[in-house]
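> Before we start, here is the structure in question, set down as structure tokens.
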Amino acid sequence: MILTSLEVTTALAERRAVVALESTVLAHGLPRPRNLELGRAMEAAVRDGGAVPATVGVVSGVPQVGLSDDDIERLANTDGVLKLSTRDLAISIARRVDGATTVASTMWLACRAGVQIFATGGIGGVHRGGDHDVSADLTELGRTQMMVVCAGAKSILDLPATREALETAGVLVVGYGTDEFPAFYARRSGLPVDARVDTPEEAAALWRAHCDLGVPGALLLCVPPPEEHALASEDVDGAISAALESARSEGVRGKDVTPYLLRAVAGHTGGRSLETNVALLLNNARVATSVAVALASGR
Ligand code: PSU
Ligand code: MN
Numbered sequence: 068m069i070l071t072s073l074e075v076t077t078a079l080a081e082r083r084a085v086v087a088l089e090s091t092v093l094a095h096g097l098p099r100p101r102n103l104e105l106g107r108a109m110e111a112a113v114r115d116g117g118a119v120p121a122t123v124g125v126v127s128g129v130p131q132v133g134l135s136d137d138d139i140e141r142l143a144n145t146d147g148v149l150k151l152s153t154r155d156l157a158i159s160i161a162r163r164v165d166g167a168t169t170v171a172s173t174m175w176l177a178c179r180a181g182v183q184i185f186a187t188g189g190i191g192g193v194h195r196g197g198d199h200d201v202s203a204d205l206t207e208l209g210r211t212q213m214m215v216v217c218a219g220a221k222s223i224l225d226l227p228a229t230r231e232a233l234e235t236a237g238v239l240v241v242g243y244g245t246d247e248f249p250a251f252y253a254r255r256s257g258l259p260v261d262a263r264v265d266t267p268e269e270a271a272a273l274w275r276a277h278c279d280l281g282v283p284g285a286l287l288l289c290v291p292p293p294e295e296h297a298l299a300s301e302d303v304d305g306a307i308s309a310a311l312e313s314a315r316s317e318g319v320r321g322k323d324v325t326p327y328l329l330r331a332v333a334g335h336t337g338g339r340s341l342e343t344n345v346a347l348l349l350n351n352a353r354v355a356t357s358v359a360v361a362l363a364s365g366r
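Those letters in the sequence shown? Residues 68 to 366, by my numbering.
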């Protein structure tokens, strides 16, 4: 039911490094044409680092781990591509339609294909405000064994509540060269991580111990956005407040909330948040690749 590309299948069989990538960030998280450029640049970054990229998505109802360049282009450039969390995968399969995978569904599919490491931008989390909007990413992070490399969670969310929810879900939260949970656009949030590592080898050792214990759930490797592209919290806070306010007044709900907020924050920061987003996605792909390579070489 899950189609794994020949290149990814071969790499896994030979125990070479593979890094999974998601497609919701392409279909819903970034504007055209940056989305396709970024999808290709992330794949190139993984290859340059010596691993095989496996972009995940659903094409004509078939979940795929290792999309072709044509299919990445199709998900990036077609209107109306569904945004699929794990619960939604069955809908796209039964209806034979295209869909882009979130952090949650990418984890689910990549794990079943035998991939251990996944690079993304920011995870979903607990939204601000009292409407109990909590991303299913958190549930998946608590039950699927996968190393997820991210820049923390976006400050469009309630970060302290998101950090608490990760703890409750049993997610091992690790800082890569930092003692703090990064805030996506900003390098710091003031919130702690469970452990800090400073090299790919240390990250690989933690991952091996986690897997050997058989503990379910993710190791969330949190990488601060690159210094030269990070924004100060003060610079994004106003943009976030304005975005949250317009989302509320326009009645944006459900799975449209996150894409709406990302777009609105980019608008309110004159595109600066978009540059941060792109830079950290590429950086996370590079870090994930270095850990995957360390893991594959037994270091
Ligand atoms: N972070 C980004 N860009 C994105 C997302 C997160 O920088 O596009 C996407 C991811 O695919 C994540 C999803 O899994 O948003 C979370 O959506 P929701 O809050 O509706 O669960
Ligand atoms: Mn939601």
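Glycine is no exception: its CB is placed at the ideal position from the N, C-alpha and C atoms. The structure presented is a predicted model; accordingly, all values stated were derived computationally and were not measured.
Who are the Cβ neighbours of aspartate 261 in its own chain at under 7 Å, not counting the five residues just before and after it?
Along the sequence shown, one-based indexing puts residue 261 at 194. Cβ within range, chain order: Leu239, Val240 and Val241.
> Within the present structure, is the beta-carbon of aspartate 155 separated from the nearest heavy atom of the ligand PSU by less than 7 Å?
The residue given as residue 155 occupies position 88 in the sequence shown. Not so, every heavy atom of the ligand PSU lies at least 7 Å from the Cβ.
> Under the three-state reduction of DSSP, which class applies to histidine 194: helix, strand or coil?
As a working mapping, residue 194 is identified with position 127 in the sequence shown. In this structure, histidine 194 counts as strand in the three-state DSSP scheme.
> Pull up the DSSP beta-bridge partners for alanine 87, would you.
Locating residue 87 in the sequence shown gives position 20, counting from the first residue. For alanine 87, which the question treats as bridged, DSSP gives the partners Ala121 and Phe185.
> How would you label threonine 71, buried or exposed, when you count the other beta carbons within 10 angstroms and need 16 or more for buried?
Locating residue 71 in the sequence shown gives position 4, where the first residue counts as 1. Per the 10 Å Cβ criterion, buried.
> Taking the DSSP output, what are the residues bridged to cysteine 289?
Residue numbering aside, residue 289 sits at position 222 when the sequence shown is read from its first letter. Looking at the DSSP assignment, cysteine 289 forms a beta bridge with Cys217 and Gly242.
> Could you tell me if the beta carbon of serine 172 falls within a distance shorter than 7 Å of some heavy atom in the ligand MN?
Against the sequence shown, residue 172 aligns to sequence position 105. Checking the Cβ of serine 172 against the ligand MN gives no.
> Counting only the same chain and skipping the five closest in sequence on each side, list residues whose C-beta sits under 7 Å from that of valine 264.
Within the sequence shown, residue 264 is the residue found at index 197, counting from 1. Here the set comprises Val241, Tyr243, Ala270 and Leu273.
> Less than 6 Å between C-beta atoms, sequence neighbours within five positions excluded: which residues of the same chain meet that for alanine 84?
Residue numbering aside, residue 84 sits at position 17 when the sequence shown is read from its first letter. Closer than 6 Å at the Cβ level, and outside the excluded window around alanine 84, lie Ala118, Ala359, Val360 and Ala363.
> What does the alpha-carbon distance come out to for the pair serine 172 and glutamate 294?
On the sequence shown, residue 172 is found 105 positions in, with the first residue counted as 1. On the sequence shown, residue 294 is found 227 positions in, with the first residue counted as 1. Distance between the alpha carbons of serine 172 and glutamate 294 is about 30 Å.
> Can we count threonine 325 as close to the ligand PSU, meaning its CB is less than 7 Å from some heavy atom?
The residue given as residue 325 occupies position 258 in the sequence shown. Flag set: Cβ of threonine 325 near the ligand PSU.
> Under 7 Å: does the beta carbon of leucine 105 sit that close to some heavy atom of the ligand PSU?
Within the sequence shown, residue 105 is the residue found at index 38, counting from 1. Not so, every heavy atom of the ligand PSU lies at least 7 Å from the Cβ.
> Three or more C-beta pairs under 8 Å: does that hold for the region 145 to 161 against the region 110 to 126?
The answer is yes - the region 110 to 126 touches the region 145 to 161, with three or more Cβ pairs under 8 Å.
> Please confirm if the region 220 to 237 is in contact with the region 164 to 181, defined as three or more CB-CB distances below 8 Å between the two stretches.
Too few Cβ pairs lie closer than 8 Å, so no.
> Could you give the distance in angstroms between the alpha-carbon of arginine 275 and the alpha-carbon of arginine 107?
Position 208 of the sequence shown, counted from the first residue, corresponds to residue 275. Position 40 of the sequence shown, counted from the first residue, corresponds to residue 107. Computed Cα separation, rounded: 30 Å.
> Which one of Val303, Thr325 and Arg366 has the shortest CA to CA distance from glycine 96?
Against the sequence shown, residue 96 aligns to sequence position 29. Among Val303, Thr325 and Arg366, the Cα nearest to that of glycine 96 belongs to Thr325.
> Of all the options Gly337, Gly338, Arg315 and Ser152, which has the alpha carbon lying nearest to the alpha carbon of isoleucine 190?
Counting from 1 along the sequence shown, the entry for residue 190 is found at position 123. Nearest option by C-alpha distance: Ser152.
> Since I believe asparagine 351 is in contact with glycine 188 (beta carbons under 8 Å), could you give me their beta-carbon distance rounded to a whole number of angstroms?
As a position in the sequence shown, residue 188 is number 121, starting the count at 1. As a position in the sequence shown, residue 351 is number 284, starting the count at 1. The Cβ separation is near 7 Å, so the contact holds.
> Count the other CB atoms, across all protein chains shown, that sit within 10 Å of the CB of threonine 77; report buried if there are 16 or more and exposed otherwise.
On the sequence shown, residue 77 is found 10 positions in, with the first residue counted as 1. Flag for threonine 77 reads exposed.
> Just curious, the alpha helix (DSSP H) that alanine 108 is in, first and last residue?
Counting from 1 along the sequence shown, the entry for residue 108 is found at position 41. Taken as a continuous stretch (DSSP letters only), the alpha helix (DSSP H) holding alanine 108 covers 101 to 115.
> Does the separation of the CB atoms of isoleucine 307 and alanine 180 fall below 8 Å?
As a working mapping, residue 307 is identified with position 240 in the sequence shown. As a working mapping, residue 180 is identified with position 113 in the sequence shown. Cβ atoms of isoleucine 307 and alanine 180: not closer than 8 Å.
> Curious, which full-length beta strand (DSSP E) runs of at least 3 residues does the region 145 to 176 contain?
Counting only runs of 3 or more, we get 149 to 151 and 166 to 168.
> Between Leu287, Leu88 and Thr145, which lies nearest to threonine 168 when the distance is taken from Cα to Cα?
As a working note, residue 168 is residue 101 in the sequence shown. Selected option, being the one with the closest Cα: Leu88.
> Could you name the residues that DSSP lists as bridge partners for valine 132?
Translated into positions along the sequence shown, residue 132 becomes position 65. Thr71 and Val123, per the DSSP bridge assignment.
> Provide the residue span of the alpha helix (DSSP H) that contains alanine 232, from first to last.
Locating residue 232 in the sequence shown gives position 165, where the first residue counts as 1. Its alpha helix (DSSP H) spans residues 226 to 236.
> Ordered along the chain, which non-local residues of its own chain (more than five positions away) have a Cβ less than 8 Å from that of leucine 20?
The structure shown does not extend to residue 20, since the chain is modelled only from 68 through 366, so no value can be given for it.
> Roughly how many whole angstroms lie between the Cα atoms of serine 204 and glycine 219?
Within the sequence shown, the letter at position 137 stands for residue 204. Within the sequence shown, the letter at position 152 stands for residue 219. Note that residue 204 corresponds to aspartate in the displayed sequence, not to serine. Between aspartate 204 and glycine 219, the C-alpha separation is close to 12 Å.
> Is it buried or exposed for leucine 280, if we count other Cβ within 10 angstroms and need 16 for buried?
Locating residue 280 in the sequence shown gives position 213, where the first residue counts as 1. Result: exposed.
> DSSP puts glutamate 140 in a beta bridge; with which residues?
As a working note, residue 140 is residue 73 in the sequence shown. None, per the DSSP bridge assignment.
> Which residue or residues does DSSP assign as beta-bridge partners of arginine 263?
Translated into positions along the sequence shown, residue 263 becomes position 196. DSSP, once it has assigned bridges, lists Gly242 as partnering arginine 263.
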